[in-house]
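Written out below as structure tokens is the structure these notes cover.
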Amino acid sequence: MSVTELTVIPGLQLRESPILLLLHFHNALRQELGDLRRTAAEALDCRIYGPDLIQELRRRFEFFKLVNKYHSVAEDEVIFRALDVHVKNVVSAYSLEHTSTNDILDSIFHYLDVLEKEDEKHISKPFQELVYFIGTLQTSVCKHMAKEEEQVFPLLTQQFSTQEQASFVWQFMCSVPMLLLEDFFRWMNSFLSSDETENVLQCLKQVVPKDQLLQDVVISCLEVKEKIVTWDFDKYGKESLFLNGRASFRKILEVYKSEGQFGEPMKPEREYLIDETYRCNPLDSVCIWHSAYHKDLLQVLDELYSVRDSNDFSGLFPAVFQLKFFADVIIFYSNALDKLFYSMCIELAEDCPSPSYQRFLDGSQIEGLQLLLYCKTENVVSASNFVENLCDKLKICAAGIRKYLTFVEIEVFPFIVKNCTREMQRWLLYACLEMMPLGLLKCTVTWFSSHLSEDESKSILHSVKQGGVLVNKSLSSLLYEWVRIGYSGKTSIDNFREELRAAFENRCSFLSEQIKTSSAFSYLQTATKGVSSSSSTYDTSYASGINFHVFFPQKLKISSHVSTYPMENNTEHSFRYLESRPVDHIFFFHKALKKDMEHLVSLSANLVDNDVLFTEFHQRFHLLRNLYKMHSEAEDEIAFPALEAKEIIQNSSHSYSIDHKMDVEYLNRISYVLDQISEWYYSVSSKRMLTYRQLCVKLHAMCKCMNKMLSDHVDHEEIELWPLFREHLSLKEQEKIIGRMLGRTRAETLQEMIPWLMAYLTLEEQNALMSLWRKATKNTMFDQWLGEWWEGMKTYDVPKVDQSTMLTQSTADTLEILSKYLPRGELSKSNKGNKTMRRESFNDDKKQKHLCKDQVCSDVDQSKTDISDVTDRTETDENSVLVLSQDELEATIRKVHCDETLEPQMKPIIIQNLIMSRWINTQKKSNQDVDGPDNEQGVMGIYPSYRDSQKLVFGCKHYKRNCKLVASCCNKLYTCRLCHDDAHETDHVMDRKATTMMMCMKCLIVQPIGPTCSTVSCNNLSMARYYCSICKFFDDERVGKGLGLDYFHCMNCNACMSRSLLVHVCREKCLEDNCPICHEYIFTSSNPVKALSCGHVMHSSCFQEYTCSNYTCPICSKSLGDMQVYFGMLDAMLAEEKIPEEYSGKTQDILCNDCEKRGTASFHWLYHKCPRCGSYNTRLI
């Protein structure tokens, strides 16, 4: 499903899972962004960039920002917080994504500012950038919501009951200012069908507590009614202007001057029948509120002084909760004064001067207090320091608030009273209250009512009951009831404090370790137990953290998320840092991804004017796409499962796996556009340039979007996941992960990836990365492989031992000592006989080959050894060394080792000479002259060889292939290196990597080695289905698709294995040994190999023969498979067998070869059962 596709929410499912109501917000956000993008794109195409359009876009984006902000913060503070209690490590990734959306919105508003100031002649380019960022915002937000719908919402419906889900939605509704809540729902409903609107209405009736007054207030926000038009109103709402700019009150004034409450001309004040006892200005009640607020604020300050002086923190938490309440109230009240009262003063100032303007929130006092109240635990040294700082902040803040409220009472209110009717004043008060969230409003009204005298309460109740022309009657009734209950004392102080605790105790609260051990912590624990119970009763709830995030977003920092990504300005530190953690090499790959994506964005921007860059862009994009796909699959299948295996951090990576899937889909979409451009790039149509340019613009927009998505994904991974890898995985586990990630990558991919990766790294980072690779691949020939093809490897080559030190002494004295151990006479005859037999056998199989005389190398390199004084007999002895068979060589080494007459230091020298004899001979042979060629091409053996002579299938008994190789050591043609080594005329081994020439067996032309024949007559005939340019290896019968597909390379075993063997017993370099049955060197053997359950290996044919009479490994003696059936048969046999009485009851000590445990077993002359695992694979000890 596309990320922009709407989610279908059936009505029945919505009633069963009220949390899905938020998915309707998702759909509305999707449609709004799509409409915004279309509007901007059409304006760009038509080149209409008028100021009216800019203002419309700004207003709509401001409203979108409000909706998205409250929606995101509600998820973070309410829904995610609750889910994290049940399912750990899921929601942090989504909270990180919320912050990245704000960055894109900031860029959009930046370009809107630029467009308002820019001249019309130069407006095209910034408007184009604006369209790009709108597209990026749409893709980013839709992707985020699609991920939530795939992972988070299924968990919410599984983990929480219908009642609990309803409580989350209700808490969200009670935390959004009432005016905005009305706008939000009406805006959302504008995108719904009539059936969907009815489903939402029924769901909200289920969510709202069963209080008729509350139900009426909430439903009145949703129902579309014919209202008195006071100013321009559309689906984006009138009340949203209160938070984004001063409202215009001109039409409101006209309403109150021309109409009464029922549409009749407004009567003079004296004509109303009003009890003179309650006749007062509505704003007088606000002054009473000012006095109560200041009094209780000073009382909290006194309580904090008492806590500080007594060092008893039991009263700290109630004081902190009250302070959070007072801080939120003053923030909303100050905002209402700014947007409503001062704006009214501006409208009324045409006839008389308005009061001077003073805004409380311009200062930093309330911000400083809020940040201290919501500070993180790790930022506080001790509880006493916290209380001391809190007292200082509150003292300054209380003085500032008192000064501000005094200014309002002296300057603002008298001006309003003088110029506004009581009806207008009541409307201002109601509008001020509606700018508060419903949950906070209830707390405020309840608290304020408890401070009223009898006369004050009657006056306020009468004023509330009066209402007004534009006042919501349902809200008026609800406020009346709340004031009555608060004054009556039905809500006790303890209950009120409990409500404050439920509203203001959240994850941002201060909780130091010192307070945890105090009596205050026991209070918190007791209070916390009531959270679930209170929420289950659907009491009017409020999440203070939501509005703290909204009002102070720039002050908030994500706790415990510190990126470990090495910064370029501290390369020395990052080098040492990365050297200690193998898994941190992922950072290097991430860096290259981001840099290359930025380069692609730069290239795509220039494609319109410079189509020469298209080929470069095409190549680089497909390389990045393939590398990102390879890297993502490696993380999903290797790195993330290793992390999830740690129970404490389970579920932390699923979000990033979804990211990988969506990013690859988006890259595929870019690839599709690129293919379209490619068609037009080579087209000769008259419409070529126009279509080409349009597609290039679309490509650039998609690249910018992909750059943002990729950068955010990588950054979030480094912030959240990679510190977990470093903390919870050992160095050995990290090396294993990196080794497996490298081992599953095809050689061709690595050849593209390594130079690409190194190009974006500094020298220190390159050295660190190479060091990490060498550690992870220490058991393989990774270094040698790199050196074969990569010129850059020379930069990182470690010092190697000089070749002269590898060739041990071959002086006359050594050879003279060596000669007495060498076989003579019969041995020489035996060698000749063996060669004759091999020649005859070879001639029978390959009649096309010419017989060649035996050649034995007898020269020794003069630069390595000094044997100028060696006699003819010594040279003969050396020749004998060079033609020894493997069995004869081993027998000779045993003789040397067992000879007690030799000095200890001489034994290793002689043995090394014997072992190195074949290699020495090969080196000398490569420099010797060979027999002259018997053809015009200068190479011997130009004729085809067949794997199946009847079907004329080219190849040899070892491999099926269509070419022969020219051995560089002897300039002869052989079908494979094994044919060369087995040939009777060779006494050396072939270095296949040194091969540079081959012969096609179809055209018999010798040519440079390659995957296909280069002659015209063969028409690019493939030499084999598989070809390795490094090893010069051809195989037309290769099984499988290759590394990363159905095979992987185990770095510890140094072997390619089927992916079905991902979990296996690793044995270091297990293939670099002889078969335990036939003693053939397995690593270079062409015969199939069988991996045993114990980790050892042998030829499959040897395994079949061996298991006819054995069931244990010939090396470690463990059972070769599941032997339960056989062991059951032994149990039955022994149960029937009678043991002689003299042996009855006796036991024997045994060691089990399978479980490697010691134990005792009943006496038997053959079978002994392990008491632990039940195996009969045991031995006596």
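Throughout the sequence shown, residue numbering follows my numbering, covering 325 to 1505 in sequence. Heads up, the beta-carbon is just placed ideally off N, CA and C, and yes, glycines get one too. Being a predicted model, the structure only gives us computed values, none of them experimental.
1. How many Å lie between Met1422 and Tyr1084 at the Cα?
2. For Thr1502, write down the residues that DSSP places opposite it in a beta bridge.
3. Roughly how many angstroms separate the alpha carbons of Glu1072 and Glu1115, rounded to a whole number?
4. According to DSSP, simplified to helix, strand and coil, what is Gln1274?
5. Indicate whether the contact test is met: 3 or more Cβ pairs, each with one atom in the region 927–947 and one in the region 960–967, closer than 8 Å.
6. Per DSSP, what kind of secondary structure is Phe484 in: helix, strand or coil?
7. Just grab the DSSP bridge partners of Asn302 for me.
8. Among His1492, His1488, Asp620, Val1449, which one has its Cα closest to the Cα of Tyr1467?
9. Give the range of the alpha helix (DSSP H) segment to which His468 is assigned.
10. Considering just the uninterrupted stretch of the beta strand (DSSP E) at Val741, what are its terminal residues?
11. What's the gap between the Cα of Asp1455 and the Cα of Lys1414?
12. Restricting to Cα atoms, I'd like to know which of Phe649, Asp662, Asn743, Thr1319 is closest to Ala673.
13. Could you tell me which of Asp1359, His1052, His348, Lys1099 sits nearest to Phe311, measuring between CA atoms?
14. According to DSSP, is Leu802 helix, strand or coil?
15. For a quick check, are the C-beta atoms of Leu991 and Arg949 less than 8 Å apart?
16. Does DSSP put Glu600 in a helix, in a strand, or in coil?
17. What do you get for Gln530, buried or exposed, if any count of 16 or more other CB atoms within 10 angstroms of its CB means buried?
18. Would you identify the three-state DSSP class for Cys1497, choosing helix, strand or coil?
19. Can you give me the start and stop residues for the alpha helix (DSSP H) that His984 sits inside?
20. Just to confirm the assignment, what range does the alpha helix (DSSP H) spanning Arg405 have?
21. Beta strand (DSSP E) containing Asp1359: first to last residue?
22. Please say whether Phe457 and Leu439 have beta carbons closer to each other than 8 Å?
23. Of all the alpha helix (DSSP H) runs that stay within the bounds of the region 1028–1115, which reach a length of 4 or more residues?
24. For Val438, does the three-state DSSP call read helix, strand or coil?
25. Could you please give the first and the last residue of the uninterrupted alpha helix (DSSP H) stretch that includes Arg1218?
26. Let me check understanding here. Comparing Cα to Cα, which of Ala470, Arg1098, Ile428 lies closest to Thr328?
27. Using 10 angstroms around the beta-carbon of Ile607, count the other beta-carbons present and answer buried if the total reaches 16, otherwise exposed.
28. For Ile1505 and Arg1301, I'd like the C-alpha separation in whole angstroms.
29. Locate the beta strand (DSSP E) running through Lys1288, then write down its first and last residues.
30. Can you list, in chain order, the residues of its chain whose CB lies under 7 Å from that of Ile333, leaving out five sequence neighbours each side?
31. Would you call the region 998–1006 in contact with the region 967–980, where contact means no fewer than 3 C-beta pairs closer than 8 Å?
32. Determine, using beta carbons only, whether Ile973 and Leu1048 come nearer to each other than 8 Å.
33. Pick from Arg1068, Leu696, His914, Asp400: whose alpha carbon is nearest that of Val415?
34. Just to confirm before moving on: does the CB-CB distance between Ser781 and Tyr804 stay below 8 Å?
35. Whose C-beta lies closer than 7 Å to the C-beta of Ala364 among residues of the same chain, with five residues either side of it excluded?
36. Where does Gly1419 sit, in a helix, a strand or coil, going by DSSP?
On the basis of the coordinates in this document:
1. By one-based count along the sequence shown, residue 1422 stands at place 1098. By one-based count along the sequence shown, residue 1084 stands at place 760. Their Cα atoms are separated by approximately 44 Å.
2. Position 1178 of the sequence shown, counted from the first residue, corresponds to residue 1502. For Thr1502, which the question treats as bridged, DSSP gives the partners Cys1476.
3. Here residue 1072 refers to the residue found at position 748 when the sequence shown is read from its first residue. Here residue 1115 refers to the residue found at position 791 when the sequence shown is read from its first residue. For Glu1072 and Glu1115, the distance between alpha carbons rounds to 16 Å.
4. Locating residue 1274 in the sequence shown gives position 950, where the first residue counts as 1. DSSP, reduced to helix, strand and coil, places Gln1274 outside both helices and strands of the structure shown, so it counts as coil.
5. Short answer: they don't touch.
6. Position 160 of the sequence shown, counted from the start, is the residue given in the question as residue 484. Coil, per DSSP.
7. With the chain represented from 325 up to 1505, any question about residue 302 goes unanswered, as that position is not in the structure.
8. In the sequence shown, counting from the first residue as 1, residue 1467 sits at position 1143. Taking each of His1492, His1488, Asp620, Val1449 in turn and checking the Cα distance to Tyr1467, the smallest one comes out for His1488.
9. Walking along the sequence shown from the start, residue 468 turns up at place 144. Segment 448–471, the alpha helix (DSSP H) holding His468.
10. Sequence index remark: in the sequence shown, residue 741 carries index 417 (1-based). Taken as a continuous stretch (DSSP letters only), Val741 belongs to no beta strand (DSSP E), being part of the alpha helix (DSSP H) at 737–743.
11. Start at 1 with the first residue of the sequence shown, and residue 1455 comes out as number 1131. Start at 1 with the first residue of the sequence shown, and residue 1414 comes out as number 1090. Going by the C-alpha atoms only, they are around 30 Å apart.
12. Walking along the sequence shown from the start, residue 673 turns up at place 349. Out of Phe649, Asp662, Asn743, Thr1319, Asn743 has the C-alpha closest to the C-alpha of Ala673.
13. There is simply no residue 311 to check, as the chain begins at 325 and stops at 1505 in what is shown.
14. Locating residue 802 in the sequence shown gives position 478, counting from the first residue. It is helical.
15. Locating residue 991 in the sequence shown gives position 667, where the first residue counts as 1. Locating residue 949 in the sequence shown gives position 625, where the first residue counts as 1. Yes, the pair counts as a contact, with Cβ atoms nearer than the cut-off.
16. Numbered from its first residue, the sequence shown carries residue 600 at position 276. Low local confidence applies: a pLDDT of 46 at Glu600 is under 50, so the model's placement there is unreliable, and no value is given.
17. One-based indexing of the sequence shown puts residue 530 at position 206. Buried, because 16 or more other Cβ atoms sit within 10 Å of the Cβ of Gln530.
18. As a working note, residue 1497 is residue 1173 in the sequence shown. DSSP places Cys1497 in coil when its eight states are reduced to three.
19. For this step, residue 984 is matched to residue 660 along the sequence shown. Residues 978–1005.
20. For the purposes of this step, residue 405 is taken as residue 81 along the sequence shown, with counting starting at 1. Arg405 -> alpha helix (DSSP H) spans 404–410.
21. Position 1035 of the sequence shown holds residue 1359. Note, Asp1359: beta strand (DSSP E), 1357–1359.
22. Locating residue 439 in the sequence shown gives position 115, counting from the first residue. Locating residue 457 in the sequence shown gives position 133, counting from the first residue. No, these two residues do not count as a Cβ contact at 8 Å.
23. 1046–1052, 1055–1067, 1071–1082, 1087–1100, 1106–1113
24. On the sequence shown, residue 438 is found 114 positions in, with the first residue counted as 1. Correct three-state label for Val438: helix.
25. Looking up residue 1218 in the sequence shown gives position 894. Start and end: 1210–1222.
26. Within the sequence shown, numbered from 1, the residue matching residue 328 stands at position 4. The residue with the shortest Cα to Cα distance from Thr328 is Ala470.
27. The residue labelled residue 607 in the question sits at position 283 within the sequence shown. The sequence given here places Leu at residue 607; Ile does not occur at that position. Buried, since its Cβ has 16 or more Cβ neighbours within 10 Å.
28. One-based indexing of the sequence shown puts residue 1505 at position 1181. One-based indexing of the sequence shown puts residue 1301 at position 977. Each residue's alpha carbon lies about 48 Å from the other.
29. In the sequence shown, counting from the first residue as 1, residue 1288 sits at position 964. Where Lys1288 is concerned, the enclosing beta strand (DSSP E) stretches over 1287–1291.
30. Taking the first residue of the sequence shown as 1, we reach residue 333 at position 9. Cβ within range, chain order: Leu344, Leu347, His348.
31. no
32. On the sequence shown, position 649 is the one that residue 973 refers to. On the sequence shown, position 724 is the one that residue 1048 refers to. Taking 8 Å as the cut-off, the beta carbon of Ile973 is found closer than this to the beta carbon of Leu1048.
33. By one-based count along the sequence shown, residue 415 stands at place 91. Taking only the C-alpha atoms, the option nearest Val415 is Asp400.
34. On the sequence shown, residue 781 is found 457 positions in, with the first residue counted as 1. On the sequence shown, residue 804 is found 480 positions in, with the first residue counted as 1. With contacts defined by Cβ atoms closer than 8 Å, Ser781 and Tyr804 do not form a contacting pair.
35. Indexing the sequence shown from 1 puts residue 364 at position 40. Leu381, Leu454, Val455, Ile458.
36. Within the sequence shown, residue 1419 is the residue found at index 1095, counting from 1. In the structure shown, Gly1419 sits in coil (DSSP, three-state: anything other than H, G, I, E or B).
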